[in-house]
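Protein chains in written order, with UniProt numbering: chain A, 1 to 482; chain B, 1 to 482. Heads up, the beta-carbon is just placed ideally off N, CA and C, and yes, glycines get one too.
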């Protein structure tokens, strides 16, 4: 075995491939690439490479593979799990795809859009809109996150109920493999049963199996009408029942169904300052419901009223505010969307992103809340998110009179483990949409079967036998690997 | 290396595991298991094993793996591609899952159903219906085909436009791996980003990577209303435009959009005998359109009329019959569904199951038809199927005055190659929903890139290093394997 190349050697090779302007090395330039979004993970890298073409990505990968140099692929670097930044060994090259940001084609008959991986989600949505189509993925970081990262993390968000996760929105992909070979299935086909559908290997693999460089995405008709309500419900159980009723009455028009607990609303209203609750009284539990359709607004509003009346009659709904205008709807949505930032600003929240079957979610919320409050009774139970998908962000927040450091120091690990354990016991997931990265990697040992972990490693080794691509992410070490 | 076990030795081992009643060896008993549905492929097997539990499947697989005995997994044995029967070497054990036919659980709040792999599609649909839910997969062989086979072939059918392929309808799976280990993710979660989503490896792998033994399937609300029309259109291009208009006006209510060419209609009407065309005159091209929704029938019919009026105005629609009753709708659907049997009975059709982007399908049909008719002008152009998915069954049928053997002998290979080549040139697929099996295995060399074939083999070898599971299916041999 030859010695690993020096940082200078690596830099020279990268400059050869992408040019000097595509290589960042100054600390000031690389800072935002080696530090994660929440500033929890800071690593080092000999060079941050900004390729402009798939051929450059391929050449970089081939060189690194030949020289045993690890590679960390990166999109908008908005991972909440430390999945997109290098570790502090300083050995891994960061490949950031932001220069590959072109929309390559839009086909409004096939309803598909071909984009490079570095297009931001907002950019993809805007391009679709220009063609009077909808690209439906909707997450808070849309201005920064990139399509490649959305695919690599199988992003979810607030419209999954209707349109599915990112996996459901992709038809074809181009991927550079760890050794530099390029796998391409950039085709806009709804049906193609010609052997293994390899693109699914790379969706949700968090950049450990290949670097996605382009994709063919599904486009949807733009909804012509939307109806939005901010609804106080009796309980999470009542919310589940209301959702069932909504789906019976409105079918696929039910686009979003987001739960919001009272402490979550309190927090965001305090943070926003200029915004009041849509409801006159304080309630323990609320849901934000959005219906959309291609039909007229009047019919959709009538359906929404039917849902609300049915919910009131059966005691599930306590009060409701229906958006009378687009501005109202935006205000309701802003309340929901700013919860995350309000938490970050407040500090001291224990972020659990769990899912359970919808039939178990009310009981799960009840049990988990009681167990957390038994540990620390003044904890603010910030619970919100995509209830329609069986997914809640269950984020116990420090009591007002405790510091973040103090609260997290005492409770982060025990409360995370408690909540994850309860979700797992309900046949749930310890990471519904945020992924694994490095933050939850070792937890997988506890929550995945040995066979499942072995299979993950079998696939990883088959595609990346040198373990050079995003090493140390997603896959925990195994005691007795198969 | 020890010698391979004798047939008697294999039989004794299988009897130990599943009992004598679960092992078939008499030619009369095994005939239907070693011969494919269309009687094109006939193989041999020392024993057809009928396990009753996942543990038995696991034990069978572990024994066969340890003794280097190939295994052919089989569901309803309705493959059109020879994918589910053994070859004639007589070395492979057939494992048929039909005794594992229990519905294990239905959750009407989570809208999921857990079934063993041997449940027939009709059985799964009936179980859903008993719980007032819809399991939406709809294919002709529903009475015989099994859920395990539907998953292994990523089955499609006539409701893909609205509900997706089988891959889109599964949330969790239990799979016995080639060496007998059991991978289980039998969970009903819409969101779970905890590492590689391994179940996607097995969907569409045609039993070459593992044997699916159980699955958690999505359930949908039962539609309350449906509206069906049999429509004469100006051309395939007009059909595509009409579909665009239908999706604008009816959104996700557009459930099926099936093309039917005049020769396809002629053939099926002759075959059925008792049924007349829904339209008074003969037209070159027709489409069968179905809208379904949870709303009332009247609103849905109004939408259908809007679509038809718009189509008439723009010259896309030449005539239309709207189903006035459920019986009418059944008649329209029967015409569509019996085309396949009518062809089988007539004999002499060249079956091409291709897809192209919707924006290219009209031109593809035009070009391919012209090329085929240039070869043999009296060929009956039986073209039909799931146009809404970009998928047509393009099945040139022998001229009336030529025998099947004669026509197929001369044209099967050149016409298949021609049609597949044209589809491929349009960025299409040579097997949209029927899969590869053995029938199209070697064609993949021509239509897949070297990297794609290498990747398929990398995955295959990672999971089945001895190449014992459904060997010789799906994956073509490579000259220079990676």
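Based on DSSP bridge pairs, tell me the residues matched to residue i.
{"i": "residue 23 of chain A", "result": "A/49"}
{"i": "residue 260 of chain A", "result": "A/286 and A/384"}
{"i": "residue 146 of chain A", "result": "A/120"}
{"i": "residue 393 of chain B", "result": "B/353 and B/384"}
{"i": "residue 226 of chain A", "result": "A/292"}
{"i": "residue 107 of chain A", "result": "A/112"}
{"i": "residue 183 of chain B", "result": "B/175"}
{"i": "residue 157 of chain B", "result": "B/138"}
{"i": "residue 429 of chain B", "result": "B/355"}
{"i": "residue 232 of chain B", "result": "B/286 and B/319"}
{"i": "residue 211 of chain A", "result": "A/176"}
So for residue i, helix, strand or coil by DSSP?
{"i": "residue 298 of chain A", "result": "helix"}
{"i": "residue 353 of chain B", "result": "strand"}
{"i": "residue 1 of chain A", "result": "Here residue 1 of chain A scores only 49 on pLDDT, less than 50, and its place in the model should not be relied on; the value that follows carries that caveat. Reduced to three states, the DSSP call for residue 1 of chain A is coil."}
{"i": "residue 438 of chain A", "result": "coil"}
{"i": "residue 409 of chain A", "result": "helix"}
{"i": "residue 275 of chain A", "result": "coil"}
{"i": "residue 61 of chain A", "result": "helix"}
{"i": "residue 73 of chain A", "result": "strand"}
{"i": "residue 170 of chain B", "result": "strand"}
{"i": "residue 307 of chain A", "result": "helix"}
{"i": "residue 468 of chain A", "result": "coil"}
{"i": "residue 127 of chain A", "result": "helix"}
{"i": "residue 162 of chain A", "result": "helix"}
{"i": "residue 91 of chain B", "result": "coil"}
{"i": "residue 460 of chain B", "result": "helix"}
{"i": "residue 35 of chain A", "result": "strand"}
{"i": "residue 217 of chain B", "result": "strand"}
{"i": "residue 78 of chain B", "result": "coil"}
{"i": "residue 96 of chain B", "result": "strand"}
{"i": "residue 255 of chain B", "result": "strand"}
{"i": "residue 473 of chain A", "result": "coil"}
{"i": "residue 42 of chain A", "result": "strand"}
{"i": "residue 132 of chain B", "result": "coil"}
{"i": "residue 378 of chain B", "result": "coil"}
{"i": "residue 194 of chain B", "result": "coil"}
{"i": "residue 101 of chain B", "result": "coil"}
{"i": "residue 370 of chain A", "result": "helix"}
{"i": "residue 403 of chain A", "result": "coil"}
Under the assumption that residue i contacts residue j (Cβ atoms under 8 Å), give the Cβ distance between them as a whole number of angstroms.
{"i": "residue 384 of chain B", "j": "residue 339 of chain B", "result": "5 Å"}
{"i": "residue 134 of chain A", "j": "residue 223 of chain A", "result": "7 Å"}
{"i": "residue 505 of chain B", "j": "residue 261 of chain B", "result": "Residue numbering for chain B in the displayed model covers 1 to 482; residue 505 of chain B lies beyond these limits and cannot be assessed."}
{"i": "residue 371 of chain B", "j": "residue 418 of chain B", "result": "6 Å"}
{"i": "residue 104 of chain A", "j": "residue 214 of chain A", "result": "7 Å"}
{"i": "residue 138 of chain B", "j": "residue 117 of chain B", "result": "Contact doesn't hold; Cβ gap of about 19 Å is too wide."}
{"i": "residue 185 of chain A", "j": "residue 166 of chain A", "result": "About 16 Å; that fails the 8 Å criterion."}
{"i": "residue 308 of chain B", "j": "residue 320 of chain B", "result": "5 Å"}
{"i": "residue 175 of chain A", "j": "residue 216 of chain A", "result": "With 8 Å as the limit, residue 175 of chain A and residue 216 of chain A do not qualify as a contact, their Cβ atoms being about 13 Å apart."}
Length-filtered (4 minimum) alpha helix (DSSP H) runs lying within the region 309-351 of chain B: 326-337 and 339-346
Contact residues within the region 377-396 of chain B, judged by C-beta distance below 7 Å to chain A: 389, 390 and 391
Chain A contacts from the region 430-451 of chain B (Cβ-Cβ distance under 8 Å): 430, 431, 432, 433, 434, 435, 436, 440, 444, 447, 448, 449 and 451
Contact list for the region 281-294 of chain A against chain B, Cβ threshold 7 Å: 293 and 294
Interface positions of the region 186-218 of chain B facing chain A (Cβ-Cβ less than 7 Å), listed along the chain: 187, 188, 189, 190, 191, 192, 193, 194, 195, 196, 197, 198, 200, 204 and 205
Proximal residues, the region 86-115 of chain A versus chain B, C-beta separation under 9 Å: 107, 108, 109, 110, 111 and 112
Proximal residues, the region 220-232 of chain A versus chain B, C-beta separation under 7 Å: 221
Interfacial residues, the region 57-69 of chain B to chain A, with Cβ spacing under 7 Å: none
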